[in-house]
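Chemist:
See below:
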């Protein structure tokens with residue numbers, strides 16, 4: 001294999017990561033490094049937590065066969081509305097949180113019923129859901145804003161000035177607990193990398209060259225420690241990050257290590273064969289869409305905590321942010337559209353662009369232009385990759 | 001969710017349908033972005049210069065339409081590639 005071919009293969013395999021690095025570098029230059037300041041790193045995570053959560057759920061739906069859920073933005077708004085109104089009336093915070101998750105799950109299950117058992121196309125069902133639940137949000141809120149004043153709720157779910165994990169080690173000028181978590185995460189990552197590599201070698205399976213594994217591991221550890229240090233220099237780990245990490249870990253495990261995850265991929269690959277092999281495909285569709293509703297409920301919680309209010313306009317275009325992240329994260333020929341890490345990278349790319357433009361003071365209309373250009377670039381790359389592969 | 005599986009390699013057809021659906025959504029989003037730029041300009045709610053807003057909006061809409069055409073053509077090609085030859089299709093027919 002020539003050097004040129006090797007380089008091209010490398011670029012194709014890691015396109016989105018390279019794009020993320022280049023875009024971050026561009027904004028670091030244009031903002032004189034401000035985007036890499038601790039507070040802005042924190043903002044990237046806090047302001048885009050809903051995208052990570054929704055994109056993960058959207059991936060489950062897309063895996064079943066290119067199906068999507070257009071109602072997530074409206075469900076975020078409606079679930080958030082229900083919770084905000086409950087807390088305004090003095091109800092217990094945890095009851096309100098449970099209610100928001102249950103509302104999201106019930107909406108997801110309701111839509112899942114029509115999709116899985118009545119065979120209404122997902123596009124139609126979720127489009128109807130988008131309109132219904134946006135309308136219901138307006139009915140409940142009557143066009144007004146409901147404030148969320150429960151300080152504990154806001155702190156736990158990532159809003160306000162104190163929505164960070166406390167420093168249990170009482171560092172002086174730097175959050176030691178945050179550093180400890182970063183080091184622990186890197187240690188666990190290295191442990192699993194080494195263990196997986198050794199297991200493959202022992203089983204006689206094909207494994208990447210050791211130097212490639214080592215270089216990749218070193219780069220990942222360096223990036224994680226850089227971000228951890230930045231967060232530690234500000235106020236530590238944002239609570240929103242904990243929820244995102246929890247969701248990502250759970251769903252990475254589900255998609256890669258459980259039979260339900262395998263069934264999702266199987267249905268997306270060949271639904272007829274999956275059904276004929278005895279798997280209840282209707283149940284899997286039902287689970288995928290119910291799960292999307294549940295995650296939309298969680299995104300609703302994170303949204304109203306961050307914005308400390310519920311408004312009828314919240315959640316607009318959230319579904320397109322999630323779908324855009326899935327497409328951008330999977331636009332490389334290597335990744336396809338099928339992995340949680342790919343989706344997270346897509347969401348991070350959108351998040352960095354949003355924050356970078358805000359720091360630069362770019363007008364909202366110009367931000368739309370940039371978003372469109374990013375999508376266009378992903379589309380062109382998709383077309384060009386396809387041409388090269390045929 | 002179609003049961004005419006015996007005419008096509010279902011795995012290839014499913015992949016073709018999946019990709020076409022996702023790409024179509026992206027094309028729709030791109031078109032919507034272009035439309036919203038022009039709409040805001042017409043309503044006087046945009047800070048962009050009219051020439052710039054119209055140019056970019058039309059470019060996005062044109063790109064979305066071109067991509068939509070590409071998606072349709074690619075989907076047709078992939079479906080044709082997924083079609084089973086007659087002998088295989090006969091073998092694949094379920095026994096009564």
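Protein chains in written order, with the numbering used here: chain A, 1 to 390; chain B, 1 to 96. All residues carry an ideal CB built from backbone N, CA and C; glycine is no exception.
Can you tell me which of the three DSSP states residue 310 of chain A falls into?
Modeler: On the first chain, residue 310 of chain A is found 310 positions in, with the first residue counted as 1. Residue state, collapsed to three classes: strand.
Chemist: Just checking, does the region 344-354 of chain A make contact with the region 74-87 of chain A on the three C-beta pairs under 8 Å criterion?
Modeler: In short, these stretches do not touch, since the Cβ pair count stays below three.
Chemist: Classify residue 60 of chain B as buried or exposed, calling it buried when 16 or more other Cβ atoms lie within 10 Å of its own Cβ.
Modeler: Residue mapping note: residue 60 of chain B aligns to position 60 of the second chain, counting from 1. It is buried - the Cβ of residue 60 of chain B has at least 16 other Cβ atoms within 10 Å.
Chemist: Along chain B, which residues have their Cβ under 8 Å away from the Cβ of residue 365 of chain A?
Modeler: If you number the first chain from 1, residue 365 of chain A lands on position 365. Proximity of chain B to residue 365 of chain A at the Cβ level (cut-off 8 Å) is accounted for by 37, 40, 46, 47, 48, 53, in chain order.
Chemist: Work out the CA separation of residue 77 of chain A and residue 249 of chain A for me, nearest whole Å.
Modeler: In the first chain, the residue the question calls residue 249 of chain A occupies position 249. In the first chain, the residue the question calls residue 77 of chain A occupies position 77. Each residue's alpha carbon lies about 25 Å from the other.
Chemist: So, is the C-beta of residue 280 of chain A closer than 9 Å to a C-beta in chain B?
Modeler: Locating residue 280 of chain A in the first chain gives position 280, where the first residue counts as 1. Taking Cβ atoms only, chain B never reaches closer than 9 Å to residue 280 of chain A, which makes this a no.
Chemist: What's the gap between the Cα of residue 228 of chain A and the Cα of residue 83 of chain B?
Modeler: Locating residue 228 of chain A in the first chain gives position 228, counting from the first residue. Locating residue 83 of chain B in the second chain gives position 83, counting from the first residue. Cα-Cα distance, rounded: 52 Å.
Chemist: Could you tell me whether the region 316-325 of chain A touches the region 144-155 of chain A, where touching means 3 or more Cβ pairs closer than 8 Å?
Modeler: The region 316-325 of chain A makes no contact with the region 144-155 of chain A: fewer than 3 CB pairs, one atom from each, lie closer than 8 Å.
Chemist: Which residue comes first and which comes last in the alpha helix (DSSP H) that contains residue 396 of chain A?
Modeler: A query on residue 396 of chain A cannot be resolved here, the shown segment of chain A reaching from 1 to 390 and no further.
Chemist: Beta carbon of residue 60 of chain A, beta carbon of residue 288 of chain A: below 9 Å?
Modeler: Counting from one through the first chain, the residue named residue 60 of chain A turns up at place 60. Counting from one through the first chain, the residue named residue 288 of chain A turns up at place 288. Contact: yes.
Chemist: Is it a yes or a no for the region 280-296 of chain A touching the region 31-42 of chain B, going by three-plus beta-carbon pairs under 8 Å?
Modeler: no
Chemist: Any C-beta of chain A within less than 8 Å: which residues of the region 52-86 of chain B qualify?
Modeler: 53, 56, 60, 63, 67, 70, 74
Chemist: If we ignore side chains and look at the alpha-carbon of each, how far apart do residue 72 of chain B and residue 169 of chain A end up?
Modeler: Within the second chain, numbered from 1, the residue matching residue 72 of chain B stands at position 72. Within the first chain, numbered from 1, the residue matching residue 169 of chain A stands at position 169. About 59 Å.
Chemist: Relative to the C-alpha of residue 243 of chain A, which residue among A:163, A:270, A:157 is closest?
Modeler: The residue labelled residue 243 of chain A in the question sits at position 243 within the first chain. If we check each option's Cα against that of residue 243 of chain A, A:157 comes out closest.
Chemist: Please go through the same chain and pick out, in chain order, the residues whose beta-carbon is closer than 7 Å to the beta-carbon of residue 363 of chain A, but skip the five residues on each side of it.
Modeler: Here residue 363 of chain A corresponds to residue number 363 of the first chain, with the count starting at 1. Nothing meets the Cβ criterion.
Chemist: Could you check the C-alpha separation between residue 102 of chain A and residue 294 of chain A for me, to the nearest Å?
Modeler: By one-based count along the first chain, residue 102 of chain A stands at place 102. By one-based count along the first chain, residue 294 of chain A stands at place 294. Near 7 Å, if we compare the C-alpha coordinates of residue 294 of chain A and residue 102 of chain A.
Chemist: Is the beta carbon of residue 117 of chain A less than 9 Å from the beta carbon of residue 303 of chain A?
Modeler: Within the first chain, residue 117 of chain A is the residue found at index 117, counting from 1. Within the first chain, residue 303 of chain A is the residue found at index 303, counting from 1. Cβ distance not < 9 Å, so residue 117 of chain A and residue 303 of chain A don't count as in contact.
Chemist: In terms of residues, what are the limits of the alpha helix (DSSP H) holding residue 271 of chain A?
Modeler: Residue numbering aside, residue 271 of chain A sits at position 271 when the first chain is read from its first letter. Residues 271-276.
Chemist: Which word fits residue 53 of chain B, buried or exposed, when buried means at least 16 other C-beta atoms lie within 10 angstroms of its C-beta?
Modeler: Position 53 of the second chain, counted from the first residue, corresponds to residue 53 of chain B. With 16 or more other Cβ atoms within 10 Å, it is buried.
Chemist: Quick one: Cα of residue 377 of chain A to Cα of residue 69 of chain B, how far?
Modeler: Along the first chain, read from residue 1 onward, the residue named residue 377 of chain A stands at position 377. Along the second chain, read from residue 1 onward, the residue named residue 69 of chain B stands at position 69. Going by the C-alpha atoms only, they are around 17 Å apart.
Chemist: What does residue 371 of chain A reach in chain B if we use C-beta pairs closer than 7 Å?
Modeler: Counting from one through the first chain, the residue named residue 371 of chain A turns up at place 371. Under the 7 Å cutoff, chain B gives 33.
Chemist: Where does residue 198 of chain A fall in DSSP's three states?
Modeler: One-based indexing of the first chain puts residue 198 of chain A at position 198. The answer is helix: DSSP assigns residue 198 of chain A an H, G or I state.
Chemist: Within the continuous alpha helix (DSSP H) that includes residue 241 of chain A, where are the two ends?
Modeler: Your numbering for residue 241 of chain A matches position 241 in the first chain. Counting along the chain, the alpha helix (DSSP H) containing residue 241 of chain A begins and ends at 239-257.
Chemist: Roughly how many angstroms lie between the CA atoms of residue 39 of chain A and residue 20 of chain A, to the nearest whole one?
Modeler: As a first step, residue 39 of chain A must be located in the first chain, where it is residue number 39. As a first step, residue 20 of chain A must be located in the first chain, where it is residue number 20. Approximately 19 Å, taken between the alpha carbons.
Chemist: At a Cβ cut of 7 Å, what residues of the region 309-324 of chain A count as close to chain B, listed as they run along the chain?
Modeler: 320, 323, 324
Chemist: If the cut is a Cβ gap below 7 Å, which residues of chain B does residue 327 of chain A touch?
Modeler: Within the first chain, residue 327 of chain A is the residue found at index 327, counting from 1. Within chain B, the C-beta atoms nearer than 7 Å to that of residue 327 of chain A come from 22, 26, in chain order.
Chemist: Assign residue 147 of chain A to one of two classes, buried (16 or more other C-beta atoms within 10 Å of its C-beta) or exposed (fewer than that).
Modeler: For this step, residue 147 of chain A is matched to residue 147 along the first chain. The residue in question, residue 147 of chain A, is exposed, as its Cβ has fewer than 16 Cβ neighbours within 10 Å.
Chemist: Note down, in chain order, all residues in the region 239-269 of chain A with a beta-carbon under 7 Å from any beta-carbon belonging to chain B.
Modeler: Residues 268, 269.
Chemist: Residue 57 of chain A and residue 266 of chain A look like a contact to me (Cβ under 8 Å); what is the Cβ gap, rounded to whole Å?
Modeler: By one-based count along the first chain, residue 57 of chain A stands at place 57. By one-based count along the first chain, residue 266 of chain A stands at place 266. The pair is not a contact, with the Cβ atoms about 19 Å apart (cut-off 8 Å).
Chemist: Does any CB atom of chain B fall closer than 9 Å to the CB of residue 65 of chain A?
Modeler: The residue you call residue 65 of chain A lines up with position 65 of the first chain. For residue 65 of chain A, the answer is yes, since a Cβ of chain B falls inside 9 Å of its Cβ.
Chemist: Are the CB atoms of residue 201 of chain A and residue 209 of chain A nearer to each other than 9 Å?
Modeler: As a working mapping, residue 201 of chain A is identified with position 201 in the first chain. As a working mapping, residue 209 of chain A is identified with position 209 in the first chain. Their beta carbons are not under 9 Å apart, which means residue 201 of chain A does not touch residue 209 of chain A by this criterion.
Chemist: Check whether the Cβ atoms of residue 24 of chain B and residue 74 of chain B sit closer than 9 Å, and answer yes or no.
Modeler: As a working mapping, residue 24 of chain B is identified with position 24 in the second chain. As a working mapping, residue 74 of chain B is identified with position 74 in the second chain. No, the Cβ-Cβ distance between residue 24 of chain B and residue 74 of chain B is not below 9 Å.
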